[in-house]
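J.:
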């Protein structure tokens, strides 16, 4: 069993200006830290999370055996991101439903639950909030920002918003922006939620209901896009749920894959907030650092100073290797130092959360080098190299 | 403008036994024919349709300029399937909502609308019904059965159910069975429909409502899987609907792709029947001619006598070229005559309905050869060759 993690919370009374022009004040950020901050405060790693995750990145909660963090295989003592060397920080993003201020909390301006009135937040907003938390923790410069999927977008955005506050960016199974198809899947999931009669325009809390139908559909769609066709065929194929005989029914479960998806949808609808789902998928849609540069990612990344490590997975069709290569190319165009590993793994997008010897090996090497830099007392940004 | 098509209907009083063990009686099949049946009745081509299509394959309806059939670019005088040579028959399948008996019609056993009680129908059942229609039309042997997607599955099934009643099978953008991912997408669409409060367990007709929310979601999901990522990026990319400025809204349309999908969903929910959607996606799920042979497609196709033409499209990720190649391999294992064209086209699964010079050229050549056989008076099955 892994170590014991303790969730913490920080209150921010001051208004945080958001990209939309709105702002949010009197908010809380939930976070956890693992390992020890060293004397010169140079060994901190920020881990950014994706859609269905939180500040609980590693370890387990006291007395809860099955409460491992979502990246517990990656982070901890002796693990690829070794907390014997690094001080690791997980932060729950604004708008989430796992501890930080979100749509289910009170709007201090009205005294009512935010619901659909929670301001739209972007990757850039999250990064700004994370930076404020680091200020309060007394961390001026991070050894690295690390994230997978949407978390990787945050790591990338960090290199542009705070180029001097980090030395490495580790961007796993991510993309420089969503494709039209990515946005399309998000939109279908949102429509399923918004058109659920129990959504009540986002103010379902006061009606005492939850738009579970919509959440189930959203999760089922999401789940399909996280897996590869190959791994689905390996795990489920055309196996029937009960024996070999068909029931000839349009509504009952016939195939194992149906049973699996319904179970995933049900489970998700029991704990995930519908407004959070809308907010986080919108943050994904909006992220596009090349937009102010007419779509030129090379220009967009010109200001990045971090050294980069990118990882992609061969069967990931949500954020395919080609999307990571776009980032690699733009960094090389800018003569940045960049490592890139394309891992041949069968698990689709989900691979970034799973154990794979080559993936874990690559990550371990990268962070071991980072630890050696630290112990040699030579942490540096790329420009100072 | 194309020629004028006239829909017809045939009544079948006798019970048709179905694969499920149930049966259906007193049903109608809607159909259309184009061209002239020749003296020895050897020039008939049956065209099978996919999910959102019907017996109205080609031509337009009298006085309705924009009523072209769904494969009007392929079939007609001087077109790749040339009705100057062939007698083409389009049949609407049982359970459809476009003319043949379906869930919105009266169940003769109860006098009430079928609704959810319409029997589950399979590809094999459809083929049996089509064969009965051909009996009534006096056609003993078809020159070819032709279909795309689910229509291709019917063409394939024809070669196994009625090997002596056809000489050619033309199977476009199809598969020998659905993959787990294919079933998964169908299941999400079905869940969206079934969990719509307006579905009423499939008996929504008597409630005077339509489960439009579910139908919209089903269509949006379907639409994403019909297009390729590339063509979506070309057509829509990350273009905003209005100007360059974001609105920062989780529920309003921001991107063109959202607007497009919502429009497609709305349009579909205005005319498509929810029970039909369930029935047709289930027929897709169930089709698996290799199942009785332990999954061995080569054994399954051993009884086919037709000569085969298969076509797939490079960017079709719903029924990828690899799925067509499975069929080709199984046919070659059986020493069947098979032509195969893998068309490099950007449009994904939808490509089978679109004009593409290479695709149209390949189809034209194949059917021209078939016409030459006819005029040489040498139509033959493969075994007779």
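Protein chains in written order, with UniProt numbering: chain S, 1 to 385; chain X, 1 to 385.
For each residue, glycine too, the CB sits at the ideal point set by N, CA and C.
Model, not experiment: these values are computed from the prediction.
(1) From residue 359/S to residue 5/S, what distance separates their C-alpha atoms?
(2) Could you check how far apart the C-beta atoms of residue 121/S and residue 95/S are, in whole angstroms? I think they sit under 8 Å.
(3) Does DSSP classify residue 373/X as helix, strand or coil?
(4) Quick one: is residue 254/S near chain X, going by C-beta distance under 8 Å?
(5) Would you mind listing the alpha helix (DSSP H) stretches within the region 25-86 of chain X that are 4+ residues and don't spill past its ends, in chain order?
(6) Can you pull out the residues from the region 233-244 of chain X whose beta carbon lies closer than 7 Å to at least one beta carbon of chain S?
(7) Using the C-alpha atoms, what's the distance from residue 152/X back to residue 365/X?
(8) Look at the alpha carbon of residue 383/S and the alpha carbon of residue 301/S, and state the distance between them as a whole number of angstroms.
(9) Residues of chain S with CB under 7 Å from residue 97/X, in chain order?
(10) Report back the beta-carbon spacing between residue 128/X and residue 285/X to the nearest angstrom; my notes put them in contact at under 8 Å.
(11) Would residue 229/X count as contacting chain S if we go by Cβ distances under 8 Å?
(12) Can you list the alpha helix (DSSP H) stretches of 4 or more residues lying completely in the region 318-378 of chain X, in chain order?
(13) Just list the alpha helix (DSSP H) runs in the region 153-189 of chain X, keeping only unbroken ones of 4 residues or longer that don't cross its boundaries, in chain order.
(14) Which parts of the region 82-114 of chain S are runs of the beta strand (DSSP E), unbroken and 3 residues or longer, counting only runs that do not cross its ends?
(15) Does the region 7-26 of chain X touch the region 107-119 of chain X, meaning 3 or more C-beta pairs lie closer than 8 Å?
(16) Only counting the same chain, and skipping five residues up and downstream in sequence, which positions put a Cβ closer than 6 Å to that of residue 70/X?
(17) Using DSSP with H/G/I as helix, E/B as strand and the rest coil, what is residue 5/S?
(18) Using the beta-carbon count (16 or more within 10 Å), is residue 271/S buried or exposed?
(19) Kindly list the residues whose CB is nearer than 7 Å to the CB of residue 68/X, restricted to its own chain and excluding five residues on each side of it in sequence; keep chain order.
(20) Any idea if residue 154/X is buried or exposed, counting beta-carbon neighbours within 10 angstroms, 16 or more meaning buried?
(21) Please confirm whether residue 179/S and residue 182/X have their CB atoms less than 8 Å apart.
(22) Residues in its own chain within less than 6 Å of residue 92/S by CB, not counting five upstream and five downstream?
(23) Just grab the DSSP bridge partners of residue 311/X for me.
(24) Among the candidates 28/X, 83/X, 20/X, whose CA atom is the shortest distance from the CA of residue 371/X?
(25) How would you label residue 11/X, buried or exposed, when you count the other beta carbons within 10 angstroms and need 16 or more for buried?
(26) Comparing the C-beta of residue 14/S with each C-beta of chain X, is any distance below 8 Å?
(27) Does residue 216/S come within less than 8 Å of chain X when only Cβ atoms are used?
(28) According to DSSP, is residue 18/S part of a helix, a strand, or is it coil?
(29) Within this structure, are the beta carbons of residue 196/S and residue 222/S separated by less than 8 Å?
(30) Can the beta-carbon of residue 297/X be found closer than 8 Å to that of residue 103/X?
(31) On the CB-based measure, 16 or more other CB atoms within 10 Å of its CB, does residue 14/S come out buried or exposed?
(32) In terms of residue numbering, what span does the alpha helix (DSSP H) encompassing residue 297/S cover?
(33) Using 10 angstroms around the beta-carbon of residue 157/X, count the other beta-carbons present and answer buried if the total reaches 16, otherwise exposed.
(34) Helix, strand or coil: how does DSSP classify residue 272/X here?
(35) Helix or strand or just coil, what does DSSP make of residue 120/X?
(36) Which two residues bound the contiguous alpha helix (DSSP H) that contains residue 218/X?
T.: Answer, in terms of the structure:
(1) 25 Å
(2) 5 Å
(3) helix
(4) yes
(5) none
(6) 233, 236, 237, 238
(7) 19 Å
(8) Model confidence at residue 383/S stands at a pLDDT of 49, short of 50, so the residue's coordinates are unreliable; what they give is reported in the following sentence. In a straight line, the C-alpha of residue 383/S is about 14 Å away from that of residue 301/S.
(9) None at all; the shortest Cβ gap to chain S is about 14 Å.
(10) Between residue 285/X and residue 128/X the Cβ distance is about 19 Å, and since that is not below 8 Å, they are no contact.
(11) yes
(12) 321-333, 357-375
(13) none
(14) 87-91
(15) yes
(16) 53
(17) coil
(18) exposed
(19) 2, 60
(20) buried
(21) no
(22) 30, 54, 55, 98, 99, 100
(23) 172/X, 341/X
(24) 83/X
(25) exposed
(26) no
(27) yes
(28) coil
(29) no
(30) no
(31) exposed
(32) 297-300
(33) buried
(34) coil
(35) coil
(36) 212-226
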